[in-house]
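Position one of the sequence shown corresponds to residue 2 (this note's numbering), numbered consecutively onward.
By construction, the Cβ of each residue, glycine as well, lies at the ideal position given by its N, Cα and C atoms.
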Amino acid sequence: MEDADSLARHLNEEVTGLLRISAPVSFGQRILTPILSTFLQRYPAVNACLVLSDRRVDMIEERFQIAIRIGSLQDEGYIALPLPAYEMLLAASPAYLDKHGTPVTPADLSAHNCISFSQWRADHLWPLNGPQGLVDAQVSPRLTVDSGEAIRQAALSGLGIVMHSCVVLQEDIDAGRLCRVLPDYAPVSRPMHLLRLPNRPAPLVSAFSEHFMEELAKPANAPEPY
Numbered sequence: 002m003e004d005a006d007s008l009a010r011h012l013n014e015e016v017t018g019l020l021r022i023s024a025p026v027s028f029g030q031r032i033l034t035p036i037l038s039t040f041l042q043r044y045p046a047v048n049a050c051l052v053l054s055d056r057r058v059d060m061i062e063e064r065f066q067i068a069i070r071i072g073s074l075q076d077e078g079y080i081a082l083p084l085p086a087y088e089m090l091l092a093a094s095p096a097y098l099d100k101h102g103t104p105v106t107p108a109d110l111s112a113h114n115c116i117s118f119s120q121w122r123a124d125h126l127w128p129l130n131g132p133q134g135l136v137d138a139q140v141s142p143r144l145t146v147d148s149g150e151a152i153r154q155a156a157l158s159g160l161g162i163v164m165h166s167c168v169v170l171q172e173d174i175d176a177g178r179l180c181r182v183l184p185d186y187a188p189v190s191r192p193m194h195l196l197r198l199p200n201r202p203a204p205l206v207s208a209f210s211e212h213f214m215e216e217l218a219k220p221a222n223a224p225e226p227y
């Protein structure tokens, strides 16, 4: 036990320095920040700079050691560690549905105001898994925006129907501020990865990667299927 305690102290002493992390805004606020806080409490010699942005960052140019990426990956030469998929749902405010009606089939979405994320598919097709399998719903976005939080706020204001993360919208749905739309059709979940630079990771980067993946797998943090 003494040897184990000594080894743990030694490893903690090696985990030092400044950790720069990039992550999408909504995920960073709701999931990553609490996990990062527990990591900093565990390793008192570590400081962190967390930059939340929904744009795709250049890790080398902007000096990030770690980036959380949601969506398909490009061949950027980074090490990509797979994370649990980012589950999505469709939702709108009660006021919008009262005024414009509730879609019954994916085809009905083409007649509704939809709010779309600008970094998704340019053809504005929303892929949905339904009772008969995968269907692509054609939408004509009333608003296209590059911020997940802006999409949420637009939905809350009654502008239209959004396809967004369960993590981001579930609290609003539970509170009645938003209603699920087409609950029998689940948007295809988006892949999520932890990216690291291709060189051998420093103890600080390795320690955070392990801590993050362990914490994310816990039921309280893992994205839930809907």
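**Report entry** Neighbourhood of threonine 39 by C-beta, 8 Å cutoff - its chain only, sequence neighbours within 5 removed
**Finding:** The count along the sequence shown starts at 1 and reaches residue 39 at position 38. The residues are His212 and Glu216.
Quiz item: By Cβ distance below 6 Å, which residues in the same chain neighbour leucine 196 in space, the five residues on each side in sequence not counted?
Solution: Translated into the one-based positions of the sequence shown, residue 196 becomes position 195. Excluding residues within five positions, the ones whose Cβ falls inside 6 Å are Ala68, Arg70, Tyr79 and Ala81.
Worksheet item: valine 163: which of Ser141, Val52, Ala92 and Gly29 sits nearest, CA to CA?
Response: One-based indexing of the sequence shown puts residue 163 at position 162. The shortest C-alpha separation from valine 163 is found at Ala92.
Work out the CA separation of glycine 134 and alanine 203 for me, nearest whole Å. Walking along the sequence shown from the start, residue 203 turns up at place 202. Walking along the sequence shown from the start, residue 134 turns up at place 133. Approximately 44 Å, taken between the alpha carbons.
For this session: Kindly identify the DSSP beta-bridge partner or partners of histidine 212.
Result: Taking the sequence shown and counting its residues from 1, the one referred to as residue 212 is at position 211. None, per the DSSP bridge assignment.
Using CA coordinates, which residue listed in Pro107, Leu126 and Asp124 is at the minimum distance from proline 184?
The count along the sequence shown starts at 1 and reaches residue 184 at position 183. For the residues Pro107, Leu126 and Asp124, the minimum Cα distance to proline 184 belongs to Pro107.
Would you call glutamine 42 buried or exposed, if buried means 16 or more other Cβ atoms sit within 10 Å of its Cβ? Residue numbering aside, residue 42 sits at position 41 when the sequence shown is read from its first letter. By the 10 Å Cβ count, glutamine 42 comes out exposed.
Assumed close pair proline 192, tryptophan 127 - CB separation to whole angstroms, cut-off 8 Å: Indexing the sequence shown from 1 puts residue 192 at position 191. Indexing the sequence shown from 1 puts residue 127 at position 126. With 8 Å as the limit, proline 192 and tryptophan 127 do not qualify as a contact, their Cβ atoms being about 16 Å apart.
Exercise. Closest to glycine 66 by CA distance: which of Cys167, Ala112 and Val52 is it?
Worked result: In the sequence shown, counting from the first residue as 1, residue 66 sits at position 65. Strictly speaking, residue 66 in this sequence is glutamine, with glycine absent from that position. Looking at the Cα atoms, Val52 is the closest of the given residues.
query: Given that a residue counts as buried once 16 or more other Cβ atoms are within 10 Å of its Cβ, and exposed if not, what is glycine 102?
result: Position 101 of the sequence shown, counted from the first residue, corresponds to residue 102. Exposed, by the Cβ-count rule.
Practice task
Jot down the residue ranges of each uninterrupted beta strand (DSSP E) in the region 141–182, minimum 3 residues, whole runs only, in chain order.
Solution key: 142–146 and 162–166
Requested in this report: Might you give, ordered along the chain, the residues of its own chain that have their beta carbon closer than 7 Å to the beta carbon of glutamate 150, omitting 5 neighbours on each side?
Outcome: Working through the sequence shown from its first residue, we reach residue 150 at position 149. Same-chain partners within the cutoff: Val26 and Ser27.
Checklist entry - What span of residues does the alpha helix (DSSP H) with alanine 24 cover, start to end? => result Counting from one through the sequence shown, the residue named residue 24 turns up at place 23. Premise fails: alanine 24 lies in the beta strand (DSSP E), 18–24, not in any alpha helix (DSSP H).
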